[in-house]
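Input: a single structure, listed below in structure tokens.
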Amino acid sequence: MTRRDWLKRAAGWALGVLGLYPFAAFVTTDRVRPPRTVRIRKELKPGQYLLEPDFCLFETEAGPMAVSRRCPHLGCRITYHPVERGFICPCHQSRFTWDGRYVSGPAKKDLPRLGVRRLEDGGYAVVIPRGLG
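Residue 1 is where the sequence shown starts when you use UniProt numbering, and the numbers rise one by one after that.
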């Protein structure tokens, strides 16, 4: 084997390994990362809401409810409009009701609902599943 052949093979292997890294990271990241729990120390009254970077927490007559702020279309962070009582995605204008139901736009799916439980101190614990936060 000549030096040139060896360098070609070594470069091929190096590029192959480097090319597999992004794929392996993409495939395995969500499987390894555990769900994340966010503690909210603020107490809300029915009808009030709290806007966080990854979710919006509502206190309803039936209890607390949280929806993801990640648009199911392309993952853009959606904004809540309290006057309209709904969410609008700034990327492609998908619209959702306050409780995350799909209304219009390219998203075609509801916003994911997140697990919420009320804490003894009056706050909340919101569980963000892997892949959403």
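The beta-carbon is built from N, C-alpha and C at its ideal position, and this holds for glycine as well.
Note that the structure is a prediction, hence the values are computed from the model and not measured.
### Query
residue 137 to Ile128, Cα distance in whole Å?
Not covered by the structure: residue 137. The range shown for the chain is 1 to 133.
### Query
Which whole runs of the beta strand (DSSP E) in the UniProt domain "Rieske" (36-125) are 3 residues long or more, in chain order?
Entirely contained in the UniProt domain "Rieske" (36-125), the beta strand (DSSP E) runs reaching 3 residues are, in chain order, 36-40, 49-51, 55-60, 63-68, 79-81, 86-88, 95-97, 102-104, 113-118.
### Task
Please confirm whether Ala62 and Val116 have their CB atoms less than 9 Å apart.
Working through the sequence shown from its first residue, we reach residue 62 at position 62. Working through the sequence shown from its first residue, we reach residue 116 at position 116. Not a contact, by the Cβ cut-off of 9 Å.
### Own chain residues within Cβ distance below 6 Å of Val38, not counting five before or after
Locating residue 38 in the sequence shown gives position 38, where the first residue counts as 1. Hits under 6 Å: Val126.
### Message
Quick check: the stretch 39-46 against the stretch 82-100, are at least 3 beta-carbon pairs closer than 8 Å?
### Response
No: the two stretches stay apart, fewer than three of their Cβ pairs being nearer than 8 Å.
### Task
Please check the pair Ser94 and His81, which I expect to be a contact at CB under 8 Å, by giving their CB distance rounded to whole angstroms.
Residue numbering aside, residue 94 sits at position 94 when the sequence shown is read from its first letter. Residue numbering aside, residue 81 sits at position 81 when the sequence shown is read from its first letter. Contact annotation, Ser94 with His81: C-beta distance approximately 13 Å; criterion of less than 8 Å not satisfied.
### Query
Going straight from the alpha carbon of Gly19 to that of Ala10, what length do you get?
Looking up residue 19 in the sequence shown gives position 19. Looking up residue 10 in the sequence shown gives position 10. Rounded to whole angstroms, Gly19 to Ala10 spans 14 Å at the Cα level.
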